[in-house]
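Everything in the sequence shown is counted per my numbering, starting at 467 for the first residue and increasing by one.
Every residue, glycine too, gets a C-beta built ideally from N, C-alpha and C.
Quick caveat, the model's predicted, so the values are computed rather than measured.
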Amino acid sequence: MRLIEIVRYPVKSLQGESLPAAEIEADGLSGDRRWGIRDEVTGKILTGRRAPELLWASATVTSDGAPSISLPTGVRCEGPGRDTDAALSEWLGRPVRLVPAVTVPAARAEYFEDATDDASEVVEWTMPAGRFVDAEPLLVVTTASRRTAAALYPGGDWDLRRFRPNLVVEVDGDGWVEDAWCKHAAIRIGDVRLLPTQPCMRCTMPTRPQPGLDEDREIFRTLAHHHGGRFGAWTAVGAGGAVSVGDDVTIEPVEVPAVPAASPATN
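(1) Quick one: residues in its chain with C-beta nearer than 8 Å to the C-beta of G494, no 5 flanking neighbours on either side, listed in chain order?
(2) Taking P538 and A523 to be in contact with their CB atoms under 8 Å, please state how far apart those CB atoms are, rounded to whole angstroms.
(3) Using a 10 Å radius around the Cβ and a threshold of 16 neighbouring Cβ atoms, would you call E721 buried or exposed?
(4) From L512, G545 and V607, pick the residue whose C-alpha is nearest to that of P561; which is it?
(5) Kindly indicate which three-state DSSP category S536 falls into: helix, strand or coil?
(6) Taking DSSP as the reference, what is the three-state secondary structure of F598?
(7) Taking all protein chains shown into account, decide if S484 is buried (16 or more other Cβ within 10 angstroms of its Cβ) or exposed.
(8) So, with DSSP's three-state summary, where would you put I472?
(9) Pull up the distance between the alpha-carbon of G694 and that of S479, whole angstroms please.
(10) Since D623 sits in a beta bridge, which residues does DSSP pair it with?
(11) Relative to the C-alpha of S611, which residue among G540, V634, L660 and S496 is closest?
(12) When DSSP labels each residue in this structure, what does V507 get in the three-state scheme?
(13) Taking contact to mean 3 or more Cβ pairs, one atom from each stretch, closer than 8 Å, check whether the region 669-686 and the region 703-712 are in contact.
(14) By a C-beta neighbour count over all protein chains shown, 10 Å radius and 16 as the cutoff for buried, is E544 buried or exposed?
(15) Is the beta carbon of R516 closer than 7 Å to that of V565?
(16) Using only the alpha-carbon positions, how far apart do A595 and K510 sit?
(17) In its own chain, which residues sit with a C-beta less than 6 Å from the C-beta of D645, not counting the 5 before and 5 after it?
(18) Using only alpha-carbon positions, find the residue among T609, P719 and I685 that is nearest to M467.
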């Protein structure tokens, strides 16, 4: 197995940037999801679930760590500030502000109960503090899972940009291999040790249109029907460090703590 892609998303729900190498920190990929666009009326951080137009903009990280945002209108926003907020607000048609995750309380996120129906009930949860990530610091996806999904729905475009992984691992064969890693294995990339904790439950995001990809709700329906809506693995960081495209990847078993036997009931 080897690492074939590293992607970070400096601003939540905007397109990100592929990197030849990156630093994995204790709480995630350097520069990943450190910023979000906040609706100044509701106070919520916008995502592509509620504001799918976000997927048509992109962001990179500048040398000083600030985001550089390219809007589909051709406007470029450099770093946070009044001009950026004004440009984003004009584009989105509502008052918004670019905010760093480290300076705001843990944000609320939401998904639609029926990922194929934007009018279905909304379910909310609180994202981890410090970054605008949905669950764990990193999302890992394998090429084996992609092949498995594509075979189930060959008419779909299974470009992994739909699924917004941070790390893509090339794995021979087929099958939902990430599932077996969760809580049972560690991913080793050089000195980096990653701990998959749970399969990623997909939402409406992979169905959204974005540059080069059409809307396709059958993508989610296929995953829901054949794999409980799961694709990829949410992953914690056991030990950080540098990773590069082309690095070898190995899987190490981890010892799962035994569940203590239940104490006898007393009357």
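Taking the structure as given:
(1) Position 28 of the sequence shown, counted from the first residue, corresponds to residue 494. Residues R597, V599, P603, L604, N632 and V703 of the same chain have their beta carbon placed closer than 8 Å to that of G494, with the five preceding and five following residues left out of the count.
(2) Position 72 of the sequence shown holds residue 538. Position 57 of the sequence shown holds residue 523. Correct: roughly 6 Å between the Cβ atoms.
(3) For the purposes of this step, residue 721 is identified with residue 255 of the sequence shown, where counting begins at 1. It counts as exposed.
(4) Mapped onto the sequence shown, residue 561 falls at position 95. Looking only at L512, G545 and V607, the smallest Cα-Cα distance to P561 is reached by L512.
(5) Taking the sequence shown and counting its residues from 1, one reaches residue 536 at position 70. In the three-state reduction of the DSSP assignment, S536 falls in the strand class, which pools E and B.
(6) The sequence position of residue 598 within the sequence shown is 132, counting from 1. When DSSP states are grouped into helix, strand and coil, F598 belongs to the coil group.
(7) By 1-based counting over the sequence shown, the position of residue 484 is 18. Answer is exposed; the Cβ neighbour count stays below 16.
(8) Along the sequence shown, one-based indexing puts residue 472 at 6. In this structure, I472 counts as strand in the three-state DSSP scheme.
(9) Position 228 of the sequence shown, counted from the first residue, corresponds to residue 694. Position 13 of the sequence shown, counted from the first residue, corresponds to residue 479. The alpha-carbon of G694 is positioned some 23 Å away from that of S479.
(10) On the sequence shown, position 157 is the one that residue 623 refers to. DSSP lists no partner for D623.
(11) Sequence index remark: in the sequence shown, residue 611 carries index 145 (1-based). Among G540, V634, L660 and S496, the Cα nearest to that of S611 belongs to V634.
(12) Residue 507 sits at position 41 when you count from the first residue of the sequence shown. If DSSP states are grouped into helix, strand and coil, V507 belongs with coil.
(13) No, because fewer than three Cβ pairs between the region 669-686 and the region 703-712 fall closer than 8 Å, the two stretches do not touch.
(14) Taking the sequence shown and counting its residues from 1, one reaches residue 544 at position 78. In summary, E544 is exposed, with fewer than 16 beta-carbon neighbours lying within 10 Å of its beta-carbon over all protein chains present.
(15) Your numbering for residue 565 matches position 99 in the sequence shown. Your numbering for residue 516 matches position 50 in the sequence shown. No, they are not a contact pair.
(16) If you number the sequence shown from 1, residue 595 lands on position 129. If you number the sequence shown from 1, residue 510 lands on position 44. For the pair A595 and K510, the Cα-to-Cα distance works out to about 14 Å.
(17) Within the sequence shown, numbered from 1, the residue matching residue 645 stands at position 179. Hits under 6 Å: P665.
(18) If you number the sequence shown from 1, residue 467 lands on position 1. Out of T609, P719 and I685, the CA that lies nearest to the CA of M467 is found in T609.
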